[in-house]
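Scroll down for the structure; my scribbles are underneath it.
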Amino acid sequence: MKFFIPIMIIVGLLVGCGQEDTNNSEENEQLEAILEVDLQAPETLEVAEQTTIDAVVTQGGEVVDDADEVEFEIWMEGEKESSIMLSGNHQGEGVYRITTSFTDAGIYHVQSHVTARSMHTMPVVQITVGDVSTEVEEESEEPAETEESHEHHDDESEHSHDTAHDDDHHHGGVTMNLDSEDTFHAGEESALSVVVTNNEEALSDAKVSLEIKHTTESDDQWIDLDEGEAGTYNGTATLAHAGTYNVTIHVEKGEIHDHKEIHIDVVESPL
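Here the sequence shown is numbered in full-length UniProt numbering, starting from 1 and rising by one per residue.
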């Protein structure tokens, strides 16, 4: 009996430690999961017809009800500089909603800007309003696909991180450029550097991060960069797969909240 009690105590401690390790593992998995947004909107509408547009936010299969910011950017085809921003209303169960209508016929783009748990994502959908000619719809299909996939179909002979798709908004004076290695090799750590300016002056003390996604493989990363020289932000990433990665640069400081989308090509490591 004297030996039985200590043995039970040891077993209890081992079980408790095992449960704690399991809980910590589950928490770490949830923290590492990528933020996902299902942007739900009708494909077609009549002029002046009221509709709802939802952004359903999840992380690791769980709903996100504590998003820092959910905004919907809306613009007519070819008029992005005149876009409007509407704040989403939280409905519960990870749903953020706006109710709106469109007064003129045309092709519209709706892009949700969701910031939650130190991550940011911005899917886009297209809505056809009213009687729109077939020619106009066909012309709008290619730009809409480019917006949603974050790919830029430029001259393929240009270097990968020079073919950038600019999608800056709100602050036209902000520029950001990826200054990185000439060649990225799969499975090797790569240095990444972003130079940020505002009205042609170095932008210091900003929060700069990279959202990195492979076009076909599951290799999503979110990298926070550290400032070195004024306006230059540095970090490293290991890109596991050969192929094309979409990279979104996010810059935040005060009222500034801008982003730029580019793509980089990764090749197999030499033997």
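Every residue, glycine too, gets a C-beta built ideally from N, C-alpha and C.
What three-state label does DSSP hand residue i in the structure shown?
| i | result |
| --- | --- |
| Glu-62 | strand |
| Ser-82 | helix |
| Asp-226 | strand |
| residue 278 | No answer is possible for residue 278: the residues shown for the chain start at 1 and end at 271. |
| His-241 | coil |
| Met-122 | coil |
| Arg-117 | coil |
| Glu-211 | strand |
| Gly-92 | strand |
| Asp-38 | strand |
| Glu-69 | strand |
| Ala-55 | strand |
| Gln-221 | strand |
| Phe-3 | Model confidence at Phe-3 stands at a pLDDT of 49, short of 50, so the residue's coordinates are unreliable; what they give is reported in the following sentence. Coil. |
| Val-267 | strand |
| Val-132 | coil |
By DSSP's criteria, residue i is part of a beta bridge. Which residues make up the other side?
| i | result |
| --- | --- |
| Ile-74 | Ile-84 and Val-110 |
| Asp-205 | BP columns for Asp-205 are empty, so no partner. |
| Asn-199 | According to DSSP, which records beta bridges pairwise, Asn-199 is partnered with nothing at all. |
| Val-194 | Leu-178 and Tyr-233 |
| Thr-99 | Thr-52 |
| Glu-189 | Thr-238 |
Just to confirm, does residue i get its C-beta within under 8 Å of one of the non-hydrogen atoms of the ligand ATP?
| i | result |
| --- | --- |
| Asp-38 | In the structure on display, the ligand ATP does not appear, and there are no ligands present to speak of. |
Check this for me: beta carbons of residue i and residue j, under 9 Å apart or not?
| i | j | result |
| --- | --- | --- |
| Asp-224 | Ser-209 | yes |
| Ala-237 | Glu-217 | no |
| Ser-204 | Gly-235 | no |
| Leu-35 | Arg-117 | yes |
| Thr-215 | Thr-248 | no |
| Glu-268 | Lys-207 | no |
| Met-76 | His-109 | yes |
Quick test of your reading: residue i and residue j, contact by CB under 8 Å. State the CB separation rounded to the nearest angstrom.
| i | j | result |
| --- | --- | --- |
| Val-63 | Glu-93 | 5 Å |
| Gln-40 | Ser-101 | So it is not a contact: roughly 17 Å between Cβ atoms. |
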